[in-house]
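Novice:
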Amino acid sequence: MAETDAGNLGPANREEIGHAGRMDRMYRYQRHIYDLTRKYYLLGRDGTIAGLKVADATTFTAEEFGVNGFDRILISYALSMIPDWEKAIDAALAALSPQGSLHIIDFGQQENLPNVMGSALKSWLARFHVTPRATLEQALEKRLATAKADMMFEVIGRGYAWRAILRRRG
81 MAETDAGNLG PANREEIGHA GRMDRMYRYQ RHIYDLTRKY YLLGRDGTIA
131 GLKVADATTF TAEEFGVNGF DRILISYALS MIPDWEKAID AALAALSPQG
181 SLHIIDFGQQ ENLPNVMGSA LKSWLARFHV TPRATLEQAL EKRLATAKAD
231 MMFEVIGRGY AWRAILRRRG
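The sequence shown begins at 81 in this note's numbering and counts up one residue at a time.
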């Protein structure tokens with residue numbers, strides 16, 4: 081369906097077409113190069129993907145994956161795209177083994193970047209429904225006692241990214 085037909089669709093579908101259209105326009109000239117080079121990179125991918133288990137980040141449990149708890153959980157540049165991101169943190173902490181660790185890396189607030197760069201990056205990310213979580217550190221600190229965990233929090237690249245490691249005290 082052409083993007084011009086979006087007026088006949090409901091708001092959710094109109095947004096999907098608009099987003100897909102923006103992505104197509106953005107990468108239209110890179111697509112052929114990408115398709116040409118990814119062939120070998122993706123070799124064997126289908127078999128690997130078929131064996132993966134999928135779960136909602138806000139509701140998954142370790143038991144769904146056949147284990148009592150995970151030694152490590154990594155959330156990489158995903159909290160900024162999950163609407164109920166704090167619930168995803170809670171689910172990850174609940175799925176850790178008694179001595180497990182939760183590793184998070186995501187976009188920071190660009191707090192030490194030049195204003196123009198920080199504003200441009202936030203605008204760019206917003207186009208793709210990415211919202212850096214300004215209260216990430218506080219949200220994690222609030223959960224430390226309940227999770228029986230210690231935290232290391234680090235600002236990377238002048239605020240481009242934030243990294244946290246929560247280690248259970250077991």
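Glycine included, every Cβ here is placed at the ideal spot set by N, Cα and C.
Does DSSP put G250 in a helix, a strand or coil?
Specialist: The residue given as residue 250 occupies position 170 in the sequence shown. Residue state, collapsed to three classes: coil.
Novice: Excluding five sequence neighbours on each side, which residues of the same chain lie with their C-beta closer than 7 Å to the C-beta of D73?
Specialist: Any question about residue 73 goes unanswered here, given that the chain covers just 81 to 250.
Novice: If contacts are defined as beta-carbon pairs under 8 Å, then T226 and S160 qualify, I think. What distance do you get, rounded to the angstrom?
Specialist: To locate residue 226, count along the sequence shown from 1; it is residue 146. To locate residue 160, count along the sequence shown from 1; it is residue 80. At roughly 23 Å, the Cβ-Cβ gap does not stay under 8 Å, so T226 and S160 are not in contact.
Novice: One question on the structure: do L220 and M232 come within less than 7 Å of each other, judged by their Cβ atoms?
Specialist: If you number the sequence shown from 1, residue 220 lands on position 140. If you number the sequence shown from 1, residue 232 lands on position 152. Cβ distance not < 7 Å, so L220 and M232 don't count as in contact.
Novice: So, for E166: in the same chain, excluding its five sequence neighbours on each side, which residues have a beta-carbon less than 6 Å away from its beta-carbon?
Specialist: Locating residue 166 in the sequence shown gives position 86, counting from the first residue. Once the five neighbours on either side are set aside, the close Cβ partners of E166 are A219.
Novice: Does the distance from the C-beta atom of I162 to that of A241 stay below 7 Å?
Specialist: As a first step, residue 162 is located in the sequence shown; it is residue number 82 there, counting from the start. As a first step, residue 241 is located in the sequence shown; it is residue number 161 there, counting from the start. Cβ distance not < 7 Å, so I162 and A241 don't count as in contact.
Novice: Under 7 Å, do G239 and N192 count as touching if we go by C-beta distance?
Specialist: One-based indexing of the sequence shown puts residue 239 at position 159. One-based indexing of the sequence shown puts residue 192 at position 112. Yes, Cβ-Cβ distance for G239 and N192 is below 7 Å.
Novice: Could you please give the first and the last residue of the uninterrupted alpha helix (DSSP H) stretch that includes S203?
Specialist: To locate residue 203, count along the sequence shown from 1; it is residue 123. Element bounds for S203: N195 to A206.
Novice: If I measure Cβ to Cβ from E144 and keep anything under 6 Å in the same chain, skipping five residues before and after, which residues do I get?
Specialist: If you number the sequence shown from 1, residue 144 lands on position 64. Closer than 6 Å at Cβ, skipping near neighbours: A135.
Novice: If I measure Cβ to Cβ from L246 and keep anything under 6 Å in the same chain, skipping five residues before and after, which residues do I get?
Specialist: Mapped onto the sequence shown, residue 246 falls at position 166. Contacts found: L182, A229 and M231.
Novice: Just mark I153 as buried or exposed, buried being the case when its beta carbon has 16 or more other beta carbons within 10 Å.
Specialist: Along the sequence shown, read from residue 1 onward, the residue named residue 153 stands at position 73. The residue in question, I153, is buried, as its Cβ has 16 or more Cβ neighbours within 10 Å.
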